[in-house]
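Here is the structure we will look at, set down as structure tokens.
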Amino acid sequence: MLLNQFLLLGALLFAVGVYGVLARRNGVMVLMSIELMLNAVNLNLVAFGLQHDVVSGQVFALFIIAVAAAEVGVGLAIVLLLYRNRKSIAVDEFDLMKG
Amino acid sequence: MVAQNIAFGIIAAITVAAALGMVTTRNIVHAALLLVAVLGGLAANYVLLTAEFIATTQVLVYIGAVMVLFLFGIMLTRAPIGRIPQMTGATWPVAALSALALGGITVYALIDRFGADSLATDNTVFRTADVSDSVFSQYIIPFEAVSVLLLAALIGAVVLARRD
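Line by line, the protein sequences are chains A and B. FYI, my numbering numbers position 85 of the first sequence as 85, with every residue one higher than the one before it. Offset between the second sequence (1-based) and my numbering: plus 99.
Dropping the structure here:
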């Protein structure tokens with residue numbers, strides 16, 4: 001197996017996640033795309049950990065999984081609060097800062 | 100070796116197809132289920148990379164817990180079940196261009212730098228015990244910080260989401 005096949009898969013998933021974050025209107029879908037990007041990074045960490053014969057890659061992947069779980073918990077609470085206050089979670093309708 | 104490459108090809112094709120479906124489908128529940136396929140494909144990749152503990156954690160935490168959170172989020176925000184005409188904002192061409200540029204540059208840089216480097220397969224296979232030894236010795240302070248972070252996120256989510 002090549003190292004690059006895992007890195008290229010990670011890069012493709014990250015680019016797809018970037019598209020999802022920028023293009024989707026639904027707040028929950030934006031959070032899902034962020035999860036996709038975090039997972040792409042995890043794949044890189046595990047692949048480089050195996051390549052360089054260190055266990056740190058797997059440890060950092062575990063930390064990222066924990067941080068992502070915390071992030072999605074708080075993110076969904078914020079989306080829920082937005083829905084309760086504005087009756088919508090379409091992210092392009094929150095433009096109060098626009099001059 | 101050949102079997103692993105065939106397995107990787109099948110898994111990678113499923114993962115990328117599911118990811119593309121996730122960001123393009125008009126049905127939000129289908130998007131959540133396609134995300135399960137992506138996360139499962141990544142767990143299979145971790146097994147190929149001999150990181151079986153990460154694969155198990157991925158299945159437990161993401162497919163078990165985070166997906167339930169997402170489905171609750173979809174239900175509680177009363178997203179219409181079924182096809183939604185306006186799932187993608189008006190800026191999608193810019194988003195597609197940015198993602199293509201980012202992906203293209205990353206792929207070029209990876210091929211330029213790593214080319215056909217083969218994965219070192221004769222290295223140590225790290226068992227779960229090695230991972231936990233590292234977490235509880237070298238990385239004990241980040242581990243405690245993550246514990247406090249999870250507690251803070253828990254309290255923060257409760258404070259944000261409760262009604263009064």
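Ideal placement from N, C-alpha and C gives every residue a C-beta, glycine not left out.
- Among the CB atoms of chain A, one or more fall inside 8 Å of the CB of residue 186(B).
- Among the residues of chain A, those whose CB is under 8 Å from the CB of residue 114(B) are 9, 13, following chain order.
- Straight-line spacing of the CA atoms in residue 127(B) and residue 138(B) works out to 17 Å.
- Here residue 144(B) has 110 as same chain residues with Cβ atoms under 7 Å from its own Cβ, once five neighbours each way along the sequence are excluded.
- Taking a Cβ-Cβ threshold of 8 Å, the residues of chain B close to residue 1(A) are 100, 103, 104, 107, 147, 217, 218, 220, in chain order.
- Residue 246(B) and residue 67(A) have their C-alpha atoms some 10 Å from each other.
- Within chain B, the residues 176 have their CB atoms less than 7 Å from the CB of residue 89(A), given in chain order.
- Pairing residue 31(A) with residue 79(A) gives a Cβ-Cβ distance under 8 Å.
- Separation of residue 2(A) and residue 40(A) (C-alpha to C-alpha, rounded to the nearest whole angstrom) is 17 Å.
- Neighbourhood of residue 202(B) in chain A, by CB distance below 7 Å: 11, 12, 15, in chain order.
- Scanning 134(B), 103(B), 187(B), 163(B) for the CA closest to the CA of residue 19(A) turns up 187(B).
- Excluding residues up to 5 positions away in sequence, nothing lies with its Cβ nearer than 8 Å to the Cβ of residue 260(B) in the same chain.
- Our two residues, residue 162(B) and residue 64(A), have alpha carbons roughly 15 Å apart in a direct line.
- In the DSSP assignment, residue 145(B) falls within the unbroken alpha helix (DSSP H) covering 127-147.
- Taking a C-beta cut-off of 8 Å against chain A, the contacting residues of the region 153-170 of chain B are 153, 156, 157, 160, 161, 164, 165, 168, 169, listed in chain order.
- Taking 8 Å as the upper bound for CB-CB distance, residue 16(A) and residue 150(B) are not in contact here, some 22 Å apart.
- Cβ-Cβ distances below 7 Å link residue 61(A) to 42, 45, 46 in the same chain, with the five nearest sequence neighbours on each side left out; the list follows chain order.
- Take residue 23(A), set aside five residues on each side of it, and no residue of its chain has a beta-carbon closer than 8 Å to its own.
- The continuous stretches of alpha helix (DSSP H) do not include residue 190(B), and DSSP gives it neither H nor E.
- Comparing alpha carbon positions, the residue from 146(B), 254(B), 172(B) closest to residue 29(A) is 172(B).
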